[in-house]
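Visitor: Submitted below is the structure of interest, expressed as structure tokens.
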Ligand code: CP
């Protein structure tokens, strides 16, 4: 596997899930695979889980790890070609990428959406520059439009905790005071469409996800209806994807104070099938989800985060096997 951005990069999901369980049972089984190989993890944005779990995954495979926080000590990087570089950006990605690549064998990228230019974000411009100019395998650690390491960990978690052969999984929008990217819901929708689940998406009108990710999933604008009989509730905020109104891309469409009834609480969870609660974290309590729900025995947020180590180990293993 030379790059990891979409669910199709992983191939057969059943095989990938079996591999995840194999690694979970013995996470050091492939400790020789990455000997004398170096993973460079490049962060243009903050992270807790991705930073720690991906480092741990690389170490499980015997790799060396270098972490670069671009905004904490490195030169500020310009990404657009053709600009006169008279701003505070001292170095261009077109030089920085091959230089970074010369010190490593595999590159992970975290580079969030700017949320101002839909075309630029949805073209995954920064990610593809790394692919083109590094000559190394590149994997997404949350890019402008996707977060596949998270979605793979979410799928592993659902597989571990499901009680029905084909569980009902609901992705619900929830309020947030800041405009957030669509990467997590995009990938979650993409991966759930590829998995053997009954998948429903619920959000206020105007927040329709890009058809490339939401596919043929059932969209239900009534959150209570969507929650009925659900086995898993996956909460996440996202800003307007600009599908029907491109000029609204990246915006919050309504003051969040008026949409606090979308906060996941015992009221909605009561109509589920003893549903499990999921969120990728970090989460704003009593905005996305109430204290009671996230602290309940049905909350999977901690095992879900722990599975980030497993998803990253599988992905790095696949990449190492292809070098
Ligand atoms: N879920 C997730 O990617 O967490 P971080 O932003 O802390 O890495």
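Residue numbers (the numbering used here): 1 to 323. Glycine included, every Cβ here is placed at the ideal spot set by N, Cα and C. Quantities reported herein were computed from a predicted structural model and do not represent experimental measurements.
(1) Hey, is residue 50 close to the ligand CP, as in C-beta under 6 angstroms from one of its heavy atoms?
(2) Which residue wins for smallest C-alpha separation from residue 178, given the options 308, 277 and 236?
(3) State the start and end residues of the unbroken alpha helix (DSSP H) segment that holds residue 121.
(4) What residue range does the beta strand (DSSP E) around residue 278 cover?
(5) Helix, strand or coil for residue 293 per DSSP?
(6) Comparing alpha-carbon positions, which option in 41, 321, 309 and 290 lies nearest residue 151?
(7) In terms of residue numbering, what span does the beta strand (DSSP E) encompassing residue 235 cover?
(8) Name, in chain order, the residues that DSSP records as bridge partners for residue 92.
(9) Below 8 angstroms, can you find three or more Cβ-Cβ pairs linking the region 233–251 to the region 101–119?
(10) Return yes when at least one heavy atom of the ligand CP lies under 6 angstroms from the C-beta of residue 104, else no.
(11) Under the assumption that residue 154 contacts residue 304 (Cβ atoms under 8 angstroms), give the Cβ distance between them as a whole number of angstroms.
(12) With distances taken Cα to Cα, identify the nearest neighbour of residue 299 among 234, 90, 112 and 227.
(13) Closer than 6 angstroms: is that where the CB of residue 281 sits relative to any heavy atom of the ligand CP?
(14) Kindly examine the ligand CP and report whether one of its heavy atoms sits closer than 6 angstroms to the Cβ of residue 187.
(15) Which of the three DSSP states, helix, strand or coil, is assigned to residue 52?
(16) What distance in whole Å lies between the Cβ atoms of residue 110 and residue 42, which are believed to be in contact at a cut-off of 8 angstroms?
Guide: Let me spell this out:
(1) Your numbering for residue 50 matches position 50 in the chain shown. Yes; taking the cut-off as 6 angstroms, the Cβ of residue 50 has a heavy atom of the ligand CP nearer than that.
(2) Sequence index remark: in the chain shown, residue 178 carries index 178 (1-based). Here the closest residue by C-alpha is 236.
(3) For the purposes of this step, residue 121 is identified with residue 121 of the chain shown, where counting begins at 1. Annotation: the continuous alpha helix (DSSP H) that includes residue 121 extends over 118–122.
(4) The sequence position of residue 278 within the chain shown is 278, counting from 1. Annotation: the continuous beta strand (DSSP E) that includes residue 278 extends over 276–278.
(5) Working through the chain shown from its first residue, we reach residue 293 at position 293. Under the three-state reduction of DSSP, residue 293 is assigned to helix.
(6) Walking along the chain shown from the start, residue 151 turns up at place 151. Out of 41, 321, 309 and 290, 309 has the C-alpha closest to the C-alpha of residue 151.
(7) As a working mapping, residue 235 is identified with position 235 in the chain shown. Segment 232–236, the beta strand (DSSP E) holding residue 235.
(8) If you number the chain shown from 1, residue 92 lands on position 92. DSSP lists 78 as the bridge partner or partners of residue 92.
(9) Taking a contact to require three or more Cβ pairs closer than 8 angstroms, the region 233–251 and the region 101–119 qualify as touching.
(10) Along the chain shown, read from residue 1 onward, the residue named residue 104 stands at position 104. No.
(11) As a working note, residue 154 is residue 154 in the chain shown. As a working note, residue 304 is residue 304 in the chain shown. Indeed they touch by this definition, with Cβ atoms about 6 angstroms apart.
(12) Walking along the chain shown from the start, residue 299 turns up at place 299. Nearest C-alpha to residue 299 among 234, 90, 112 and 227: 234.
(13) The residue given as residue 281 occupies position 281 in the chain shown. For the ligand CP, at least one heavy atom lies less than 6 angstroms from the Cβ of residue 281.
(14) For this step, residue 187 is matched to residue 187 along the chain shown. Annotation for residue 187 indicates a beta carbon at 6 angstroms or more from all heavy atoms of the ligand CP.
(15) As a position in the chain shown, residue 52 is number 52, starting the count at 1. DSSP places residue 52 in helix when its eight states are reduced to three.
(16) Locating residue 42 in the chain shown gives position 42, counting from the first residue. Locating residue 110 in the chain shown gives position 110, counting from the first residue. The pair is a contact, with the Cβ atoms about 7 angstroms apart (cut-off 8 angstroms).
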